[in-house]
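**Q**
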Ligand code: AMP
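Numbering (this note's numbering), first residue to last: 19 to 303.
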């Protein structure tokens with residue numbers, strides 16, 4: 019028998035459904051997405067299922083996290099295929115709110131995140147981004163009131179920003195990170211990979227290769243500044259326009275103290291018109 023999956027577009031109905039789950043003692047997990055689902059998203063759904071009996075997946079392309087120059091209009095939308103994949107993956111509810119529910123005409127309240135949201139990484143290239151993300155994620159959490167919410171480490175700064183927001187605002191959902199799912203050649207899966215031309219797709223795995231190489235060198239005791247300088251050159255020579263390649267404290271995302279051991283190496287670069295991001299853990303002894 020195929021899994022019963024409810025597509026919900028009405029907020030009162032979403033709240034009733036979640037309340038029913040809770041009434042019989044079933045834990046609820048939320049997986050926020052913008053659709054155009056790939057195996058990375060589906061791995062979050064599977065992680066959510068391991069932690070909670072019921073899984074709500076939201077699909078909403080959030081206009082406030084895109085700058086006017088970015089790809090909101092052309093962002094891939096594959097709703098029917100997404101629903102089929104979520105049914106297969108065992109999700110219980112697709113929360114697909116109309117824009118009027120998320121941003122009614124008289125909407126005026128926005129979250130202004132700081133700390134990890136002003137670390138000088140994604141926020142440097144996309145100053146509007148984390149305000150949009152935290153506002154929409156806060157709404158999604160308050161709409162679905164999940165026990166846990168699962169986010170990908172692929173968007174590592176976002177994971178830290180959302181964790182901080184939930185803590186600061188006393189939102190009673192546990193924020194959980196899940197590992198990045200990659201193509202066989204190491205490229206992190208992303209809905210935006212669909213924009214890459216064949217040539218660009220062949221170049222794209224370099225980003226992850228450089229991350230791994232730099233992480234290995236730093237873990238082996240090489241000086242980070244020199245390793246990063248070489249890494250930046252390799253990325254530029256590989257045909258990318260680099261936004262950043264930075265080593266940060268894995269928790270605060272601030273520049274790491276000399277004795278910090280849990281680090282994260284993060285990169286963002288453009289390949290043609292497509293902006294790619296990736297990151298890996300670095301453990302210094
Ligand atoms: P998006 O639809 O791009 O907003 O992503 C929705 C969620 O999926 C976010 O928590 C992302 O971090 C996560 N995600 C996107 N790509 C991957 C991936 N390759 N591996 C794991 N999680 C991912």
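Glycine residues also receive a C-beta, built at the ideal position from the N, C-alpha and C atoms.
From the DSSP secondary-structure annotation, give me the bridge partner or partners of residue 190.
**A** Numbered from 1 along the chain shown, position 172 holds the residue referred to as residue 190. Bridge partners of residue 190: none, in fact.
**Q** Measuring alpha carbon to alpha carbon, tell me which residue in 250, 266, 265 is nearest residue 259.
**A** Stepping through the chain shown from its first residue, residue 259 is reached at position 241. Ranking the options by Cα distance to residue 259, first place goes to 250.
**Q** Could you check the C-alpha separation between residue 215 and residue 94 for me, to the nearest Å?
**A** For the purposes of this step, residue 215 is identified with residue 197 of the chain shown, where counting begins at 1. For the purposes of this step, residue 94 is identified with residue 76 of the chain shown, where counting begins at 1. Those two C-alpha atoms are separated by around 15 Å.
**Q** Compute the Euclidean distance between the alpha carbons of residue 205 and residue 198, then round it to the nearest angstrom.
**A** If you number the chain shown from 1, residue 205 lands on position 187. If you number the chain shown from 1, residue 198 lands on position 180. Distance between the alpha carbons of residue 205 and residue 198: 10 Å.
**Q** Any heavy atom of the ligand AMP inside 6 Å of the beta-carbon of residue 170?
**A** To locate residue 170, count along the chain shown from 1; it is residue 152. Yes, since a heavy atom of the ligand AMP falls inside the 6 Å radius drawn around the Cβ of residue 170.
**Q** Taking its Cβ as the centre, do 16 or more other Cβ atoms sit within 10 Å of residue 157, making it buried, or is it exposed?
**A** Reading the chain shown from its first residue, position 139 is the one you call residue 157. Flag for residue 157 reads buried.
**Q** Under a Cβ-count criterion, where at least 16 other Cβ atoms within 10 Å of its own Cβ denotes burial, should residue 107 be classed as buried or exposed?
**A** Taking the chain shown and counting its residues from 1, the one referred to as residue 107 is at position 89. Buried, since its Cβ has 16 or more Cβ neighbours within 10 Å.
**Q** Counting along the chain, where does the beta strand (DSSP E) carrying residue 170 start and finish?
**A** The residue given as residue 170 occupies position 152 in the chain shown. 166-170 is the extent of the beta strand (DSSP E) around residue 170.
**Q** Which residue spans inside the region 231-298 form an unbroken beta strand (DSSP E) run of at least 3?
**A** As far as the region 231-298 is concerned, its whole beta strand (DSSP E) runs of at least 3 residues are 259-267, 280-289.
**Q** Distance check for residue 241 and residue 235, CA to CA, integer angstroms please.
**A** Residue numbering aside, residue 235 sits at position 217 when the chain shown is read from its first letter. Residue numbering aside, residue 241 sits at position 223 when the chain shown is read from its first letter. Looking at the two C-alpha atoms, the distance is approximately 8 Å.
**Q** Does the Cβ of residue 87 lie closer than 6 Å to at least one heavy atom of the ligand AMP?
**A** Counting from one through the chain shown, the residue named residue 87 turns up at place 69. Incorrect: residue 87 has no Cβ contact closer than 6 Å to the ligand AMP.
**Q** Where does residue 76 fall in DSSP's three states?
**A** In the chain shown, residue 76 corresponds to position 58, counting from 1. Residue state, collapsed to three classes: strand.
**Q** What does DSSP give as the partner residue(s) for residue 95 in the beta ladder?
**A** The residue given as residue 95 occupies position 77 in the chain shown. DSSP lists no partner for residue 95.
**Q** With C-beta atoms as the reference, is residue 47 less than 7 Å away from residue 66?
**A** On the chain shown, position 29 is the one that residue 47 refers to. On the chain shown, position 48 is the one that residue 66 refers to. A contact, by the Cβ cut-off of 7 Å.
**Q** Taking 7 Å as the limit between beta carbons, can you name the residues of its chain near residue 49, skipping five residues before and five after?
**A** Counting from one through the chain shown, the residue named residue 49 turns up at place 31. 62, 63, 66, 73, 75, 168.
**Q** When you compare only the Cα positions, how much space is there between residue 302 and residue 55?
**A** Translated into the one-based positions of the chain shown, residue 302 becomes position 284. Translated into the one-based positions of the chain shown, residue 55 becomes position 37. Approximately 35 Å, taken between the alpha carbons.
**Q** For the putative contact between residue 130 and residue 149, defined by C-beta atoms under 8 Å, what is the C-beta separation to the nearest angstrom?
**A** Sequence index remark: in the chain shown, residue 130 carries index 112 (1-based). Sequence index remark: in the chain shown, residue 149 carries index 131 (1-based). Confirmed, Cβ separation roughly 6 Å.
**Q** What residues match up with residue 196 in a beta bridge as DSSP calls it?
**A** Numbered from its first residue, the chain shown carries residue 196 at position 178. Partner(s): 170.
**Q** Could you tell me the boundaries of the alpha helix (DSSP H) in which residue 153 lies?
**A** The residue given as residue 153 occupies position 135 in the chain shown. Unbroken alpha helix (DSSP H) run through residue 153: 147-162.
**Q** Do you know offhand how far residue 155's Cα is from residue 281's?
**A** In the chain shown, residue 155 corresponds to position 137, counting from 1. In the chain shown, residue 281 corresponds to position 263, counting from 1. Each residue's alpha carbon lies about 26 Å from the other.
**Q** Taking the alpha carbon of residue 261 as the reference point, which residue from 279, 295, 274 has its own alpha carbon closest?
**A** For the purposes of this step, residue 261 is taken as the residue at position 243 of the chain shown. Nearest of 279, 295, 274 to residue 261, Cα basis: 295.
**Q** Are residue 105 and residue 23 closer than 7 Å when you measure CB to CB?
**A** Residue numbering aside, residue 105 sits at position 87 when the chain shown is read from its first letter. Residue numbering aside, residue 23 sits at position 5 when the chain shown is read from its first letter. Closer than 7 Å, so yes.
**Q** Does the Cβ of residue 161 have 16 or more other Cβ atoms within 10 Å, making it buried, or fewer, making it exposed?
**A** To locate residue 161, count along the chain shown from 1; it is residue 143. Per the 10 Å Cβ criterion, buried.
**Q** In the DSSP assignment, find the beta strand (DSSP E) that holds residue 40 and state where it starts and stops.
**A** In the chain shown, residue 40 corresponds to position 22, counting from 1. First-last for residue 40: 29-41, but that is the alpha helix (DSSP H), not the beta strand (DSSP E).
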